[in-house]
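Report on the following structure.
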Amino acid sequence: MADIHRKSPVPSPFPELHGHGLRLTAWDPESEEQLDAWFRGLTDPDFMRWNTPLRVVRDRADARQSLRSKAMGTAKGTDASYRITDAVSGATLGHMGVNMIDHVLSVARVGYWVLPEARGQGVATRALAVAARWALTDLGLNRLELGHALGHEASCRIAERCGFRYEGTMRGAMFESGRQDVFRDAHLHGRIASDPEPDLS
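Numbering (my numbering), first residue to last: 1381 to 1581.
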């Protein structure tokens, strides 16, 4: 709650996003409260089972460096990294990213995670719906891509509920869990600007 009105010292070219009971706002890497949420999210066993970040986070120093890197990507306009918060309480629920934004090809990749205590409440689905609507309208992109490790059925359901159609299996497209020298297959989902808006009701 203490950080609900605090502004990040790193300027963001992207607006705050609102909808479905959520507020998506820029991360502040100098906030200890937000750093704690970032660290817990990236070291959560379920996150680590399905994701192997390029920048491995082992401790809070790693987490701060990682979060600062995300904030700088946001400041440059190449990645929109959002802290998912409850619209009423301001509590941090997870992370939503619109990444690798390419305005020439009009495409970006989306990714997200939710803190353990916020799971089972549709947070990822609602955050993805809000971010996708913005990216395919106000940001002006034509296509969004979502990739997840083969077998991650929860991500499959979230993608499809938010209008990201299954487009195929990409061979050896992701790092294996905890490895950066072994690869695994991934599902590719995509949504384009002309696709109908999903009904989350």
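Beta carbons are placed, not taken as given, at the ideal position from N, Cα and C, and that holds for glycine.
For residue i, three-class secondary structure by DSSP
{"i": "residue 1427", "result": "helix"}
{"i": "residue 1466", "result": "strand"}
{"i": "residue 1577", "result": "coil"}
{"i": "residue 1499", "result": "coil"}
{"i": "residue 1411", "result": "coil"}
{"i": "residue 1461", "result": "strand"}
{"i": "residue 1382", "result": "Annotation note: pLDDT 40 at residue 1382 (below 50); position unreliable, no value reported."}
{"i": "residue 1509", "result": "helix"}
{"i": "residue 1421", "result": "helix"}
{"i": "residue 1396", "result": "coil"}
{"i": "residue 1561", "result": "coil"}
{"i": "residue 1387", "result": "Residue confidence for residue 1387 is low, a pLDDT of 47 falling below 50, so the modelled location carries little weight and cannot support an answer."}
Distance CB(residue i)-CB(residue j) smaller than 8 Å
{"i": "residue 1527", "j": "residue 1566", "result": "yes"}
{"i": "residue 1360", "j": "residue 1397", "result": "The question about residue 1360 has no answer here: the residues shown for the chain are numbered 1381 through 1581."}
{"i": "residue 1517", "j": "residue 1541", "result": "no"}
{"i": "residue 1430", "j": "residue 1418", "result": "no"}
{"i": "residue 1478", "j": "residue 1490", "result": "yes"}
{"i": "residue 1496", "j": "residue 1442", "result": "no"}
{"i": "residue 1529", "j": "residue 1521", "result": "no"}
{"i": "residue 1476", "j": "residue 1462", "result": "yes"}
{"i": "residue 1539", "j": "residue 1569", "result": "yes"}
{"i": "residue 1577", "j": "residue 1537", "result": "no"}
Beta-carbon separation (whole angstroms), residue i vs residue j, contact threshold 8 Å
{"i": "residue 1422", "j": "residue 1446", "result": "7 Å"}
{"i": "residue 1402", "j": "residue 1467", "result": "6 Å"}
{"i": "residue 1415", "j": "residue 1464", "result": "Contact doesn't hold; Cβ gap of about 16 Å is too wide."}
{"i": "residue 1444", "j": "residue 1409", "result": "6 Å"}
{"i": "residue 1554", "j": "residue 1563", "result": "7 Å"}
{"i": "residue 1524", "j": "residue 1571", "result": "5 Å"}
Cα-Cα separation between residue i and residue j, rounded to whole angstroms
{"i": "residue 1494", "j": "residue 1548", "result": "25 Å"}
{"i": "residue 1460", "j": "residue 1394", "result": "7 Å"}
{"i": "residue 1559", "j": "residue 1532", "result": "17 Å"}
{"i": "residue 1392", "j": "residue 1456", "result": "8 Å"}
{"i": "residue 1440", "j": "residue 1486", "result": "35 Å"}
{"i": "residue 1432", "j": "residue 1561", "result": "11 Å"}
{"i": "residue 1501", "j": "residue 1574", "result": "28 Å"}
{"i": "residue 1385", "j": "residue 1580", "result": "Residue placement at residue 1385 is poorly supported in this model, since its pLDDT is 42, which falls under 50; the coordinates still yield a value, given next. Near 29 Å, if we compare the C-alpha coordinates of residue 1580 and residue 1385."}
{"i": "residue 1484", "j": "residue 1436", "result": "30 Å"}
{"i": "residue 1448", "j": "residue 1454", "result": "10 Å"}
{"i": "residue 1471", "j": "residue 1551", "result": "38 Å"}
{"i": "residue 1427", "j": "residue 1400", "result": "24 Å"}
{"i": "residue 1420", "j": "residue 1413", "result": "11 Å"}
Start-to-end residues for the alpha helix (DSSP H) that takes in residue i
{"i": "residue 1447", "result": "1440 to 1456"}
Extent of the continuous beta strand (DSSP E) run through residue i
{"i": "residue 1533", "result": "Element bounds for residue 1533: not the beta strand (DSSP E) but the alpha helix (DSSP H), 1533 to 1541."}
{"i": "residue 1488", "result": "1487 to 1494"}
{"i": "residue 1478", "result": "1472 to 1482"}
{"i": "residue 1548", "result": "1545 to 1555"}
{"i": "residue 1527", "result": "1523 to 1529"}
{"i": "residue 1517", "result": "Segment: none, residue 1517 is in no beta strand (DSSP E) and carries neither H nor E."}
{"i": "residue 1402", "result": "1402 to 1406"}
Any C-beta of chain D under 8 Å from that of residue i
{"i": "residue 1455", "result": "No chain D appears in this structure, which consists of one protein chain only."}
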